[in-house]
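Student: Mind looking over this structure? Questions follow.
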Amino acid sequence: MYRSIILKSLIVLLSGVLSASAMAHEWTPTYPKLSMSHIENVWTTRMKLFNSREGIDYYDVSVFDQEWNAVPFAVLMNPMSVKYLETKYIDIYIRDKDKGRAVYICSKSKLYAVDTTKPMLFSRICSKIK
Numbered sequence: 050m051y052r053s054i055i056l057k058s059l060i061v062l063l064s065g066v067l068s069a070s071a072m073a074h075e076w077t078p079t080y081p082k083l084s085m086s087h088i089e090n091v092w093t094t095r096m097k098l099f100n101s102r103e104g105i106d107y108y109d110v111s112v113f114d115q116e117w118n119a120v121p122f123a124v125l126m127n128p129m130s131v132k133y134l135e136t137k138y139i140d141i142y143i144r145d146k147d148k149g150r151a152v153y154i155c156s157k158s159k160l161y162a163v164d165t166t167k168p169m170l171f172s173r174i175c176s177k178i179k
């Protein structure tokens, strides 16, 4: 009986430790709202990106429609440099004619690796526009 409890506790503990080491970046808010920008016929929202992945310094931003087709948008810089444990606020601009199509705003980690023997993993996190 105790053996079963110990094994279950060990599995829970190991899964927590392993999942913490593979933690992705943070991309908030989860449901951003678009508002009119200072530019005529352009909508904007501000996203927050926190880099919690050591060894990853670059991120791409994308905007997609319901079927995951790319929607035109603008940001100051893409890809952008975000150092380990750094937070950046990203203003995203979408034209009025594309506002109705835009559904998801996503960030994706970019790994620029010289050593191709290591597996290259990326994380993508998407927020759904309200």
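The opening residue of the sequence shown carries number 50 in the working numbering; numbering runs sequentially from there.
Every residue, glycine too, gets a C-beta built ideally from N, C-alpha and C.
None of these values were measured; they are calculated from a predicted model.
1) May I ask you to verify whether the segment 126-139 touches the segment 78-93, counting CB pairs closer than 8 Å and requiring at least 3?
2) With D145 as the anchor, note down where its alpha helix (DSSP H) starts and where it stops.
3) Report yes or no: do the segment 73-90 and the segment 115-130 share at least 3 C-beta pairs separated by less than 8 Å?
4) Rounded to whole angstroms, what's the CA-CA distance from L98 to R150? Just pull it up for me.
5) My guess is that V180 and I154 are in contact by the Cβ rule of under 8 Å, so how many angstroms apart are they, rounded?
6) Quick check on the DSSP output: the beta strand (DSSP E) that includes K177 runs from which residue to which?
7) Would you kindly work out how many angstroms separate the C-alpha atoms of S176 and D147, rounded to a whole number?
8) Are the CB atoms of Y107 and F122 within a distance shorter than 8 Å?
9) Skipping 5 residues on each side, what residues in its chain have a beta carbon closer than 8 Å to that of F171?
10) Just how far apart, CA to CA, sit E30 and I178?
11) Which stretch, first to last residue, makes up the beta strand (DSSP E) that contains V131?
Tutor: This is what the structure gives:
1) no
2) 145-148
3) no
4) 23 Å
5) No information on residue 180 is available, as it lies outside the stretch 50 to 179 that the chain covers here.
6) 173-177
7) 17 Å
8) no
9) K157, S158, K159, L160
10) Residue 30 lies beyond the residue range present for the chain, which begins at 50 and ends at 179; the question has no answer from this structure.
11) First-last for V131: undefined, no H or E at that position.
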